[in-house]
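Going by numbering that gives the first Met the number 0, the sequence shown opens with residue 0, and the numbers climb by one from there. Glycine included, every Cβ here is placed at the ideal spot set by N, Cα and C. From a predicted model like this one, the values you see are computed outputs, not experimental measurements.
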Amino acid sequence: MSDTTQNTPPVQDEVGPVKELLGRVRESTEKLAASRHCSGTHALTETTGGLAYRKTSNSTDAGWLDFTNPVDDRDLNALVQACDQATFGRGNEDVLDLSYRKAWKLDTSRFSTQFEVVKSGLLDVVHDELLRFNDSSLKIDAQLYKLNVYGPGSHFKSHLDTPRSDKMFGSLVIILPTMHSGGDLILRFKETSWTFESSKLLSSKGSQVAPPSLAWVAFYSDIEHEVSVVESGYRVSLTYNLYYATDPPLAPLFTQPAPLPEEATLKASLKDLLASPLVLPDGGALGFGLTFKYPVTGVSTKDIDFKPITEHLKGTDALVKRICNSLGLECHVKGLYDYRGKYFNDDRVNAAYLTPRSLPVGTTDEWVIDEMNSSGNLRVVDPFKQKIDPNAPRRRNRATPVALLWVTPSNKLVSVPTASLAYGNEYNLGWYYAKLVLIALVPSFEERITRIEPTDKV
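And the structure:
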């Protein structure tokens, strides 16, 4: 691809069929569905239901609870007396605000549980539910984070969990079997909500479930959630942070699970798109707006590399990447900076760009022009409005133009801010924003047609 464009859009007879094929892929993509949470119960035994705790890290004043037998309020009151008031994260601070969160907590240095989350098999269930669209070799690392107790009147208003690293993708909450009412966990994403009623799972007509069981729920970090007011009793929970494992991955499964009908439909419509000589004949890219959040939205003191996100996509984002890869398309998460008529009158930067990293902190307007036009970046060209001259020489150290067709539009779900400086009579602080998108690089028609097998219409 060259860095010279021509304002000669394709003839209308070509635009119509391309938009129709693109519309089928968009419709197939929007029909994909993925779980953002999963839940269930798990039976306890005499060797998995115990919990030991201390009032302080150095204290010899210890307690023991056996959740395989009914635990009375006296024992739970003793646990509360050993706990500290629970705080919550706000920015980079831990905040104590009883109007927002009223609960108690113990750090991991002050308690030990017999329940082993790995041996229990719960992580396998979570993997199959939340990561079923990812590479089957991907493993989960669960790190115990806190013990929390919610008593009568306790609650936690709606919030998002604070990611502890860029590899953290979710949380696992285990509710131990105690009699309580209220304290439901309410999960929300956009306009939908779902309620995890642990009290009903752990009790039946006021008597303890037999055999004794715990209740559990796992969910992605981008889900807003709250704990409703506990009406009576005590709700005792263990919280685990879920990470993508950093140790060597498992050997890939010999057999992949059968594709869902929606997956087969998307693959077929994408094949039809790529099989058309009218679609990006000289190569280009397909763009997908992300449907899950990722832990890169905070203000960073340095530029952020988007490459690791590509390997840790979630849900339908991971499925779209997997299908594109199966058709020979190379995929990358990139930052979309759109300056078309917004910030600059300079033709050198009056365009939309795709970058592998965020802008450096402290960027100035003059620096943006150089940064956007540096090699390694892509300058977006709308193939319905312009054509790239394949024979024009490419200038060195310039962003490479790429003909880009949007399958699903970009969105602000994952927006990465960069602090900028503006010079004048005094310094002013401003912001540049990148919207994260998934980009699938498409070879020329002559190159890709040799890889695509004909497919029946779906």
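Original post:
Using CA coordinates, which residue listed in K138, I308, N68, V124 is at the minimum distance from M178?
Top reply: For the residues K138, I308, N68, V124, the minimum Cα distance to M178 belongs to N68.
Original post:
Straight-line CA distance for T264 to G120?
Top reply: Each residue's Cα considered, the two are about 33 angstroms apart.
Original post:
Looking at the unbroken beta strand (DSSP E) that takes in I322, where does it start and where does it end?
Top reply: Per DSSP, I322 lies in no beta strand (DSSP E) segment; the continuous alpha helix (DSSP H) that holds it begins and ends at 314-325.
Original post:
Using the rule of at least 16 other Cβ atoms within 10 Å of the residue's Cβ for burial, across every protein chain shown, is N376 buried or exposed?
Top reply: Flag for N376 reads buried.
Original post:
Roughly how many angstroms separate the alpha carbons of Y52 and L78, rounded to a whole number?
Top reply: Whole-angstrom Cα-Cα distance: 8 angstroms.
Subject >> Best match in T161, G232, L200 for proximity to V148 [C-alpha to C-alpha] >> reply: Across the set T161, G232, L200, the C-alpha of G232 shows the shortest separation from the C-alpha of V148.
Original post:
Is S443 helix, strand or coil when you go by DSSP?
Top reply: DSSP places S443 in coil when its eight states are reduced to three.
**OP:** Please classify K434: does DSSP put it in a helix, a strand, or coil?
**Re:** Reduced to three states, the DSSP call for K434 is strand.
Original post:
In or out: R450 buried (at least 16 other Cβ within 10 Å) or exposed?
Top reply: It is exposed - the Cβ of R450 has fewer than 16 other Cβ atoms within 10 Å.
Original post:
What does a CB cutoff of less than 8 angstroms around D306 pick up in its chain, not counting 5 residues either side in sequence?
Top reply: With the sequence shown as reference, residue 306 is identified as Lys, and Asp is not the correct amino acid for it. Cβ neighbours of K306 beyond the five flanking positions: H331, V332, P355.
Original post:
Does the beta-carbon of T254 have 16 or more other beta-carbons within 10 angstroms, so that it is buried, or is it exposed?
Top reply: Because the pLDDT at T254 is just 45, under 50, the model does not fix this residue reliably, and the point stays unresolved.
**OP:** Please name the residue in A214, G152, E310 whose C-alpha comes closest to that of G48.
**Re:** Relative to G48, the option among A214, G152, E310 whose CA is nearest is A214.
Original post:
Does the distance from the CB of L459 to the CB of Y242 come in under 8 angstroms?
Top reply: What the structure shows of the chain is the stretch from 0 to 457, and residue 459 is not part of that stretch, so it cannot be assessed.
**OP:** Spatial neighbours of P382 within its chain, please: CB distance less than 6 angstroms, with the 5 preceding and 5 following residues excluded, ordered by chain position.
**Re:** Correct list, in chain order: A402.
**OP:** Work out the CA separation of S170 and D127 for me, nearest whole Å.
**Re:** Inter-residue distance for D127 and S170 is about 15 angstroms (C-alpha atoms, whole angstroms).
**OP:** Measure the CB-CB distance between K384 and N410 and report whether it falls below 8 angstroms.
**Re:** No.
**OP:** Out of V379, D72, A244, point me to the one whose CA is closest to S136's CA.
**Re:** Of the residues V379, D72, A244, the one whose Cα lies closest to the Cα of S136 is A244.
Original post:
Helix, strand or coil: how does DSSP classify E92 here?
Top reply: Of the three classes helix, strand and coil, the one that applies to E92 here is strand, per DSSP.
**OP:** Mind reading off the beta-carbon distance from D271 to R23? Whole number of angstroms is fine, and I expect it under 8 angstroms.
**Re:** About 7 angstroms; that satisfies the 8 angstroms criterion.
Subject >> Counted within 10 angstroms of its Cβ, other Cβ atoms place K292 as buried (16 or more) or exposed >> reply: Flag for K292 reads buried.
Original post:
DSSP beta-bridge partners for S192?
Top reply: S192 pairs with R187.
Subject >> Separation of D93 from R163, as counted between CA atoms >> reply: Rounded to the nearest whole angstrom, the C-alpha separation of R163 and D93 is 13 angstroms.
**OP:** From the DSSP output, in three-state form, read off I139 for me.
**Re:** Strand, per DSSP.
Original post:
Quick one: Cα of L249 to Cα of K138, how far?
Top reply: Per-residue confidence for L249 stands at a pLDDT of 47, beneath the threshold of 50, marking its modelled position as unreliable; the derived number appears in the next sentence. Going from the Cα of L249 to the Cα of K138 covers about 7 angstroms.
**OP:** For S325, count neighbouring C-beta atoms within 10 Å of its own C-beta (all shown protein chains included) and say buried if the count is 16 or more, exposed if not.
**Re:** S325 counts as exposed, since fewer than 16 other C-beta atoms from the protein chains shown sit within 10 angstroms of its C-beta.
**OP:** Could you pull out every residue in the same chain whose Cβ sits closer than 8 angstroms to the Cβ of F87, ignoring the five residues on either side in sequence?
**Re:** The beta carbon of F87 sits closer than 8 angstroms to the beta carbons of D93, V94, D96, Y99, R100, F155, H158 from its chain, once the five residues preceding and following it are set aside; these are given in chain order.
Original post:
If you draw a straight line from the C-alpha of V229 to the C-alpha of Y338, how long is it?
Top reply: Approximately 50 angstroms between the Cα atoms of the pair.
Subject >> Alpha-carbon spacing of R378 relative to K18, whole angstroms >> reply: Per the coordinates, the alpha-carbon of R378 lies some 22 angstroms from the alpha-carbon of K18.
Original post:
Would you say the beta carbon of L241 comes nearer than 7 angstroms to a heavy atom of the ligand MG?
Top reply: Among the components modelled here there is no ligand, and therefore nothing to report on the ligand MG.
Subject >> Where the alpha helix (DSSP H) through M371 begins and ends >> reply: That run of the alpha helix (DSSP H) goes 364-371.
**OP:** Could I get the ranges of all uninterrupted beta strand (DSSP E) runs contained in the segment 256-296, with 3 residues as the minimum, in chain order?
**Re:** You should have 283-288.
**OP:** State the Cα-Cα distance for the pair L412 and L289, rounded to the nearest angstrom.
**Re:** If you draw a straight line from the Cα of L412 to the Cα of L289, it is about 7 angstroms long.
**OP:** Alpha carbon to alpha carbon, how far is P442 from G340? Give it in angstroms, no decimals.
**Re:** Taking the straight line from one Cα to the other gives about 30 angstroms.
**OP:** Look at the alpha carbon of P389 and the alpha carbon of R397, and state the distance between them as a whole number of angstroms.
**Re:** Approximately 16 angstroms, taken between the alpha carbons.
Original post:
In three-state DSSP terms, what is V148?
Top reply: Residue state, collapsed to three classes: strand.
Original post:
For the segment 38-93, which segments carrying the alpha helix (DSSP H) assignment without a break, of at least 4 residues, lie completely within its bounds, in sequence order?
Top reply: Taking only runs of at least 4 residues, the alpha helix (DSSP H) segments lying wholly in the segment 38-93 are 72-81.
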